[in-house]
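Chemist: Counting from 1112, one number per residue, gives the positions in the sequence shown under the numbering used here. Beta carbons are placed, not taken as given, at the ideal position from N, Cα and C, and that holds for glycine. Only a predicted model underlies this, so the values are computations on that prediction, with no experimental measurement involved.
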Amino acid sequence: MGIRSKCLRDGQMLVVEVSGFLCKPCNKFSSSKEESDMHLRSYTHYKTFSKLVKAKAQIEKGKERDDMTKNGEEGEDEGEDGNTEEQLNESDKL
1112 MGIRSKCLRD GQMLVVEVSG FLCKPCNKFS SSKEESDMHL RSYTHYKTFS
1162 KLVKAKAQIE KGKERDDMTK NGEEGEDEGE DGNTEEQLNE SDKL
């Protein structure tokens, strides 16, 4: 018996057939649709999904700023309340 045959034989006990659902962001495996649906309604999944959405929005915002910088455009800086400086100046006139 060669080394490859021995490795194959010994390695087979490390492989397990699975069937189910995997929530990739949470790394949560569910063996049934009902269990998976329950996970999707959980607070843990909600928090993980929310963080993922916020991170993606930040990445997109960064790409947008990079594109504007590369194109020589000046972006309007927003204040803490989401208004641009121009909008704040206009509201001061009122």
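Taking the alpha-carbon of C1137 as reference, which of L1151, S1116, V1127, V1129 has the nearest alpha-carbon?
Modeler: The sequence position of residue 1137 within the sequence shown is 26, counting from 1. The candidate whose alpha carbon is nearest that of C1137 is L1151.
Chemist: Could you please give the first and the last residue of the uninterrupted alpha helix (DSSP H) stretch that includes L1151?
Modeler: Here the question's residue 1151 lines up with position 40 in the sequence shown. Here the alpha helix (DSSP H) through L1151 covers 1144-1151.
Chemist: How close, in whole Å, do the beta carbons of G1131 and S1116 come, if the pair is a contact with beta carbons under 8 Å?
Modeler: Stepping through the sequence shown from its first residue, residue 1131 is reached at position 20. Stepping through the sequence shown from its first residue, residue 1116 is reached at position 5. About 32 Å separates the two Cβ atoms, so there is no contact after all.
Chemist: Which two residues bound the contiguous beta strand (DSSP E) that contains C1134?
Modeler: Counting from one through the sequence shown, the residue named residue 1134 turns up at place 23. Taken as a continuous stretch (DSSP letters only), the beta strand (DSSP E) holding C1134 covers 1132-1134.
Chemist: Considering E1128, what are the terminal residues of the alpha helix (DSSP H) in which it resides?
Modeler: Within the sequence shown, the letter at position 17 stands for residue 1128. Counting along the chain, E1128 falls outside any alpha helix (DSSP H), and DSSP gives it neither H nor E.
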